[in-house]
Amino acid sequence: MPELPEVEVVRRGLDQWVAGRTIASAEVLHPRAVRRNVGDLPDQLKGRTVLSAERRGKYLWLPLYEGPAGHVDPVTGEPVVAADALLAHLGMSGQLLMVDPSTPAEKHLRVRVAFTDGGPDMRFVDQRTFGHLLVAPMARLRRPVPEPITHIAADPLEEAFDDAAFATRLRLRRTGIKRALLDQSLISGVGNIYADEALWRARLHWARPTENLTRPVIATLLSGVREVMTEALGQGGTSFDSLYVNVNGESGYFDRSLAVYGRRDEPCPRCGTPVIREAFMNRSSYSCPKCQPRPRNARP
DNA sequence: ATTATGTCCTGCCAGC
DNA sequence: TGCTGGCAGGACATAA
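For the record, in the first sequence the residue sitting at position 80 is 80 according to the UniProt record's numbering, with numbers rising by one throughout.
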């Protein structure tokens, strides 16, 4: 559920709260939360130091260093590069929370990480257990990302995102525009909410075939994606309920600014026509039937 | 190869 | 009141 803006809010919190701290111990309370991990997660984490918190799309990771922060190679004098990272995906209901170690276990606490300084724990709480944590090696790429997510495309807020290349790949697809937007190997970080909001901003119906989209239309769509995500980030993300929270358990309030998502029968903020909900991939798509007319050659 | 569908979970809410 | 079905912001494996 958390999409790029919500994950970025969490990343910023983690960067502030765990960077430079050394892990004393970890505890896995539900095996499903570490189903993609190879090895024993507590063993892999103990004694490691977190340098920062990074993100691509909806994935975030904490690069792990051996020993204390600021470690340098004794031969070269260069800072030691993180060989691996604690990788996390929040799934539909995952939360990474910073809480005092004495705080009683949350109902859906899955993994607990404690630090040597005795300060706040990092806790992974996940009602539906679609999210997960794992320790993974870093891939040696220009932009280093953990090995398991090398197939995840750049997200529209990172510098490495190539607008022209995205347009080219999009036009080669034979599918609907929303399905393409949700494909994390084409563009990452976009989920159901921000796909609907960006399409509304670009006045595109979600079933528009990708192969007919012109480069200017794709540029408008990317602007819509970036604008809605940046605005959402400025308001702490979208929280329909207490499931989507930052590391301190606080909700964002971008839900008030959504134009169409979850607003069936409410007036389109642009033209006043009631917003409609249509079934899409066992989910929902919200749109304005006047601003975003369904194309003749609609694609599922 | 790309594209579409099924599946993993728990909780909430509307409707009966 | 209590049950049931539908729905929820995701990603992956597998099938076509």
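By construction, the Cβ of each residue, glycine as well, lies at the ideal position given by its N, Cα and C atoms.
All values reported here derive from a predicted model rather than from experimental measurement.
Check	Outcome
Contact check, G131 vs L90 under 8 angstroms by CB: the rounded distance?	5 angstroms
Suppose contacts are defined by Cβ-Cβ distances below 8 angstroms. Is E197 in contact with A259 by that definition?	yes
Taking only the alpha-carbon atoms, compute the straight-line gap between V245 and H205 and give it to the nearest angstrom.	30 angstroms
I'd like to know whether the C-beta atoms of R123 and R112 end up nearer to each other than 8 angstroms.	yes
Can the beta-carbon of V9 be found closer than 8 angstroms to that of L233?	yes
What does the alpha-carbon distance come out to for the pair C288 and R48?	51 angstroms
Which two residues bound the contiguous alpha helix (DSSP H) that contains S223?	R215 to G234
The alpha helix (DSSP H) that contains W17, what's its start and end?	L4 to V18
Taking a contact to mean a Cβ-Cβ separation below 8 angstroms, would you say L60 touches E66 in this structure?	no
Which one of C291, V125, H151 and S242 has the shortest CA to CA distance from P267?	C291
What is the rounded straight-line gap between the Cα of R173 and the Cα of P300?	13 angstroms
Which of helix, strand or coil does DSSP assign to P209?	strand
By alpha-carbon positions, which one of W17, P295, S185 and M281 ends up nearest to G118?	W17
Apart from the five residues on each side of it in sequence, which residues of its chain come closer than 6 angstroms, Cβ to Cβ, to N134?	According to the sequence as given, residue 134 is Leu; it is not Asn. Once the five neighbours on either side are set aside, the close Cβ partners of L134 are R36, N37 and L87.
If you measure between the beta carbons of A167 and A160, is that distance less than 8 angstroms?	no
Which full runs of the beta strand (DSSP E) of 3+ residues lie inside the segment 28 to 113, going along the chain?	48 to 50, 54 to 56, 59 to 66, 84 to 89 and 94 to 99
Using CA coordinates, which residue listed in G189, L221, C271 and D255 is at the minimum distance from R201?	L221
In the DSSP assignment, find the alpha helix (DSSP H) that holds A279 and state where it starts and stops.	Counting along the chain, A279 falls outside any alpha helix (DSSP H), though it belongs to the beta strand (DSSP E) covering I276 to F280.
List the DSSP bridge partners of R283.	F280
What are the start and end residues of the alpha helix (DSSP H) that includes D196?	N192 to R201
Return the chain-ordered list of same chain residues with a C-beta closer than 6 angstroms to the C-beta of S239, the five sequence neighbours on each side being excluded.	S251 and G252
With distance defined between alpha-carbon atoms, name the residue in S93, T175, V228 and V217 nearest to A207.	T175
Assign A83 to buried or exposed, taking buried as 16 or more other Cβ atoms, counted over all protein chains shown, within 10 Å of its Cβ.	exposed
Near G191, which residues of its chain fall below 6 angstroms by C-beta distance, leaving aside the five closest residues on each side in sequence?	E3
Looking at the secondary structure, which residues open and close the alpha helix (DSSP H) in which L134 lies?	It is not in any alpha helix (DSSP H) - L134 instead sits in the beta strand (DSSP E) that spans H132 to P137.
Hey, quick one: how far does the alpha helix (DSSP H) through R171 stretch, first residue to last?	D163 to L172
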